[in-house]
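Enquirer: Residue numbers (numbering that gives the first Met the number 0), protein chains in the order written: chain A, 0 to 421; chain B, 0 to 421.
By construction, the Cβ of each residue, glycine as well, lies at the ideal position given by its N, Cα and C atoms.
All figures in this text were calculated on a predicted structure; none of them were measured in a lab.
Quick one: the structure is below, and I'll ask about it shortly.
2 protein chains.
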Amino acid sequence: MPECRIRSLRTHDARFALADGAGSDAVHSESEYCFAVTMLETECGLTGTGLVLTLGEGNRLTCEAIELLGQALAGREIEELMSGFGAISRSIADHPQLRWLGPHKGVVHLALASLTNACFDLWAKSRGVPLWRLLLDLRPEEVVSLLDLSYLEDLLTRQDALRILRDAEASRSEREAVLKTGYRGYDTSVGWFRYDDNHVAELARKALDRGFKAFKLKVGSKDGERDVRRAAMLRSLVGNDALLMVDVNQQWTLPQAKEMCRALRDVNPYWVEEPTHPDDVLGHRALALEIAPMRIAAGEHISNRVLFKNFMMAGALHFVQVDCTRVAGVSEFLTVSLMARKMGLPVAPHVGDMGQLHQHLVLFNHIGMGHEAHFLEYIPHVRQHFLHPADVSGGVYRIPQEPGCSCELLELAPALMAHHRS
Amino acid sequence: MPECRIRSLRTHDARFALADGAGSDAVHSESEYCFAVTMLETECGLTGTGLVLTLGEGNRLTCEAIELLGQALAGREIEELMSGFGAISRSIADHPQLRWLGPHKGVVHLALASLTNACFDLWAKSRGVPLWRLLLDLRPEEVVSLLDLSYLEDLLTRQDALRILRDAEASRSEREAVLKTGYRGYDTSVGWFRYDDNHVAELARKALDRGFKAFKLKVGSKDGERDVRRAAMLRSLVGNDALLMVDVNQQWTLPQAKEMCRALRDVNPYWVEEPTHPDDVLGHRALALEIAPMRIAAGEHISNRVLFKNFMMAGALHFVQVDCTRVAGVSEFLTVSLMARKMGLPVAPHVGDMGQLHQHLVLFNHIGMGHEAHFLEYIPHVRQHFLHPADVSGGVYRIPQEPGCSCELLELAPALMAHHRS
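Written out as structure tokens, the structure is:
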């Protein structure tokens, strides 16, 4: 492998306004999808791109945090860096001063995610392969050395992680069929909070026509009857064979959640997403016990592996929506996925990256870790801004083939080219 | 009350380097105590000052977050603002875009803390009384309207909060003696991590001479024997009547914590502080069960009331070290204190404010809420930078009499005076 050394780090504050009502939910009303982008420029002409999502104000803060934390990467050679990335990740997360602003949550953790994702992108590009291929080509010991497993000893030891990966390696071929077929997406874009009933119905019909069989509806309105009415309308429209998920975006208190889940029972939601405050481990557990067999999805705002461990050990969630633009990037995503595998819980990522990076990770989770090839959220609103937008056709994510993590933004492509020529 | 309207908001990035080794612990090696300061300037000539602690890099990010979130306060009249501050606090915490960076944790929550503390400071100054007096003069309904009790329904309802305050009101006179005597401090400054054994011994002897009867030692070294040796040394020096606390600053994994607590049993620590990762509710619970009757203190890095609720309901901590410069300021501090009162748990704040603001809150917790007048941490390293440094003599916090929250920095006094004259 020719040497590829990181020369410098730049950030970019990318902001994309959404059309009226798109992206709206019970708590996020002024939707703008923004990415705090890390660009790792190298001496070999490649650029590693990493991103995390924010919703507008605050994107600049995240960029500033990236610049503060990213100093640790300058001058590093990518193969050498990634050979022990778990330790690097831990040392950045435990910056003796910036750690105070988390620890392992908030702006500094988002920054670590963006940095980490840029490292993985650069690594895959330097090997000339898509990320999923790179991960599948690693030995179990190499995968584990990418991870920071500290504070997880009561659920996942290093030996547990190695065993999961080795077991999956032995049975890999039976799951590689997915590389030909792709795997299902589900459509979040039909049911935004501020869309009126007619618009939801129209979008759902179009999505059905395009091949989708799973749909999400934003609920959590002050008027619970609106939620029930819209969920029933959507269920009758998509039929009983389709999957219907409702997403509360943390809006309900625990008593409200219990009441609303009862009211929504007849529409048979596949999951209830973020029913209450994302730090409320025991609240989710109490709700899970109360509403069974209805199931809970959470993760969009679960900050790190330690909180995920708590949710899993408490029986507080059934679908693990870990997002590699919320936890510390690809590395902590894999750690959480290993815990989920050990606990027998499916991983269905929230896509802060709009699915660009997660489309690789779902493949690795399935083939390399033995997870079900579950489905992946699909949100198309900013797909035109990516250099290689995810190819979702017939309701199915097709397999990305370009080297890297598929996260380059079109508006940065000239800069990437200029750097490449320089 | 004459009208006092907020005209504008300024921030100040205050940084104080510490002398060699002061402030060091198992995870924070380069100590600098920094305050992200909010200054609310008014049309009536008063300035409300609020602060939160950071450790250096990142203080600027916190100031920027204050400026973004603080827009909501411009033009507000202070009595009107504080008459429903709970709702204001919730609406700032749920900013539709900045919320993404938390929610309710990290830089945005630190910013809300600084803003909130400035509002309380301004309020007390506008009434011409110290904060503890202002709080004691409020009716229970007025106290509760300062709080955001959402997501706490399974532990503390509005009715619970009112009942606690009313019950305490009825028995208040028996606890007002503390206004004459003051209450105990404990000395954290004897046992920093990088101080060698001789220095710890020398400082402990001096603190004993000055009247302190409780001491904290920083532990969590890679070499557990160092921790045990130093703890035994300090115990033999201060005697069995003194209280000795050990502070791990999150450094131990759960298995290490179990082993080290066994090894430290003979020195009889009054508490073991932050034994492991601050998000690990179930880890703390498992440890508590394992090491009983040894007790756990935590809170310095517990971000918000929802996580505190989880710690309390899980039986995962015994001393509630809520810090009004980590949670959302005075308001969420009071909320957490009410939950602790309901659960029968003592509150012993971590002092990110160096005790300046907490000295008021401990008084209100005792007289107005019925908590024990427990003791308050004392860290003197930057006391010379305050306009009204806490008066701790004979190991006792004396009662502050100046109007406000005692948080003005000396370096900002000229600006305050200039504003006052303008």
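In the DSSP assignment, the beta strand (DSSP E) including C33 (chain B) goes from what residue to what residue?
Expert: Per DSSP, C33 (chain B) belongs to the beta strand (DSSP E) from 31-41.
Enquirer: Report the rounded CA-to-CA distance for K179 (chain B) versus P402 (chain B), giving the unit in angstroms.
Expert: Cα to Cα, the separation comes out at about 18 angstroms.
Enquirer: Would you list the residues sitting across from H11 (chain B) in a DSSP beta bridge?
Expert: Beta-bridge pairing links H11 (chain B) to B:V36.
Enquirer: Quick check: the segment 126-133 of chain B against the segment 88-106 of chain A, are there 3 or more CB pairs under 8 angstroms?
Expert: No, the segment 126-133 of chain B is not in contact with the segment 88-106 of chain A.
Enquirer: When the Cα atoms are used, what is the spatial distance from A64 (chain B) to A160 (chain B)?
Expert: Each residue's Cα considered, the two are about 31 angstroms apart.
Enquirer: Using 8 angstroms as the limit for Cβ to Cβ distance, is D278 (chain B) near chain A?
Expert: Yes, contact with chain A.
Enquirer: Output yes or no for whether 8 angstroms exceeds the beta carbon distance between D147 (chain B) and G49 (chain B).
Expert: Taking 8 angstroms as the Cβ cut-off, D147 (chain B) and G49 (chain B) do not qualify as a contacting pair.
Enquirer: Measure from the alpha carbon of L394 (chain A) to the alpha carbon of each residue in A:A176, A:F214, A:G105, then state which is nearest.
Expert: First, the amino acid is wrong: residue 394 (chain A) is Gly here, not Leu. Of A:A176, A:F214, A:G105, the residue nearest in Cα terms is A:F214.
Enquirer: Identify the contact partners of Q96 (chain A) in chain B, using a Cβ-Cβ distance below 8 angstroms as the criterion.
Expert: Neighbours of Q96 (chain A) on chain B, chain order: H27, E29, E31, T53, L54, G55, E56, G57.
Enquirer: With DSSP as the reference, label W86 (chain A) as helix, strand or coil.
Expert: Here residue 86 (chain A) is Ala; the residue named in the question, Trp, does not match the sequence. In this structure, A86 (chain A) counts as helix in the three-state DSSP scheme.
Enquirer: Identify the contact partners of Y150 (chain A) in chain B, using a Cβ-Cβ distance below 8 angstroms as the criterion.
Expert: The contacting residues are T252, L253, T275, H276, D279, G282.
Enquirer: Less than 6 angstroms between C-beta atoms, sequence neighbours within five positions excluded: which residues of the same chain meet that for A339 (chain B)?
Expert: Correct list, in chain order: V319, V346.
Enquirer: Please work out which residues of its chain come closer than 8 angstroms, Cβ to Cβ, to C426 (chain A), disregarding the five sequence neighbours upstream and downstream, and give them in chain order.
Expert: Given that chain A is displayed from residue 0 to residue 421, the structure contains no residue 426 (chain A) and the question cannot be resolved.
Enquirer: How about M244 (chain B): is its C-beta nearer than 8 angstroms to some C-beta of chain A?
Expert: With 8 angstroms as the cut-off, M244 (chain B) does not count as an interface residue toward chain A.
Enquirer: Indicate whether P277 (chain A) and I301 (chain A) have their beta-carbon atoms separated by less than 8 angstroms.
Expert: Yes, the pair counts as a contact, with Cβ atoms nearer than the cut-off.
Enquirer: For K217 (chain B), I'd like the list of residues in its chain whose CB is within less than 6 angstroms of its CB, leaving aside the five on either flank, ordered along the chain.
Expert: These residues qualify, in order along the chain: D24, G190, W191, F192, D246.
Enquirer: Give the straight-line distance between the Cα atoms of H283 (chain B) and N239 (chain A), rounded to the nearest whole angstrom.
Expert: Roughly 44 angstroms between the two C-alpha positions.
Enquirer: Can you give me the Cβ contacts of Q400 (chain A) inside the same chain, cut-off strictly under 8 angstroms, excluding the 5 residues immediately before and after it?
Expert: So the qualifying residues of the chain are P129.
Enquirer: Using 10 angstroms around the beta-carbon of M353 (chain A), count the other beta-carbons present and answer buried if the total reaches 16, otherwise exposed.
Expert: Under this definition M353 (chain A) is a buried residue.
Enquirer: Could you have a look at D246 (chain A) and say whether DSSP puts it in helix, strand or coil?
Expert: DSSP places D246 (chain A) in strand when its eight states are reduced to three.
Enquirer: So, with DSSP's three-state summary, where would you put K215 (chain A)?
Expert: Three-state result, K215 (chain A): strand.
Enquirer: Anything in chain A within Cβ reach of K104 (chain B), meaning under 9 angstroms, just list it in chain order.
Expert: By Cβ distance, chain A contributes G101, K104, G105, D278, S302.
Enquirer: What first and last residue would you give for the alpha helix (DSSP H) that runs through V361 (chain A)?
Expert: Element bounds for V361 (chain A): 357-368.
Enquirer: Beta carbons nearer than 8 angstroms to chain A: which residues of the segment 63-83 of chain B have them?
Expert: Here the close residues are E63, A64, L67.
Enquirer: Would you decide whether E170 (chain A) is buried or exposed? Buried here means 16 or more other CB atoms lie within 10 Å of its CB.
Expert: According to the sequence shown, residue 170 (chain A) is Ser rather than Glu. Exposed, by the Cβ-count rule.
Enquirer: Please go through the same chain and pick out, in chain order, the residues whose beta-carbon is closer than 7 angstroms to the beta-carbon of N308 (chain A), but skip the five residues on each side of it.
Expert: Checking the sequence, you will find Lys at residue 308 (chain A) rather than Asn. Excluding sequence neighbours, K308 (chain A) sits near L151, L154, M338.
Enquirer: Apply the 10 Å Cβ neighbour rule to S405 (chain B) and answer buried if 16 or more other Cβ atoms are within range, or exposed otherwise.
Expert: Classification of S405 (chain B): buried, given that the 10 Å Cβ count is 16 or more.
Enquirer: With DSSP run on the structure shown, which of helix, strand or coil describes R6 (chain A)?
Expert: If DSSP states are grouped into helix, strand and coil, R6 (chain A) belongs with the strands.
Enquirer: Could you tell me whether the Cβ atoms of G57 (chain A) and H380 (chain A) are closer together than 8 angstroms?
Expert: No, the pair does not count as a contact, with Cβ atoms beyond the cut-off.
Enquirer: Taking a cut of 7 angstroms between CB atoms, which residues from the segment 304-322 of chain A lie near chain B?
Expert: For the segment 304-322 of chain A, which is checked against every Cβ of chain B, the residues closer than 7 angstroms are V305, L306, N309, M312, A313.
Enquirer: Ordered along the chain, which non-local residues of its own chain (more than five positions away) have a Cβ less than 7 angstroms from that of V266 (chain B)?
Expert: Excluding sequence neighbours, V266 (chain B) sits near A230, A231, R234, L243.
Enquirer: Quick check: is the beta carbon of F60 (chain B) nearer than 8 angstroms to any beta carbon in chain A?
Expert: The question names Phe, but residue 60 (chain B) in the sequence shown is Leu. Interface residue, yes.
Enquirer: State buried or exposed for N364 (chain B), treating a residue as buried only when at least 16 other CB atoms are found within 10 Å of its CB.
Expert: Buried: at least 16 other Cβ atoms inside 10 Å.
Enquirer: Is the shortest distance between the beta-carbon of D352 (chain B) and the beta-carbons of chain A less than 8 angstroms?
Expert: Taking Cβ atoms only, chain A never reaches closer than 8 angstroms to D352 (chain B), which makes this a no.
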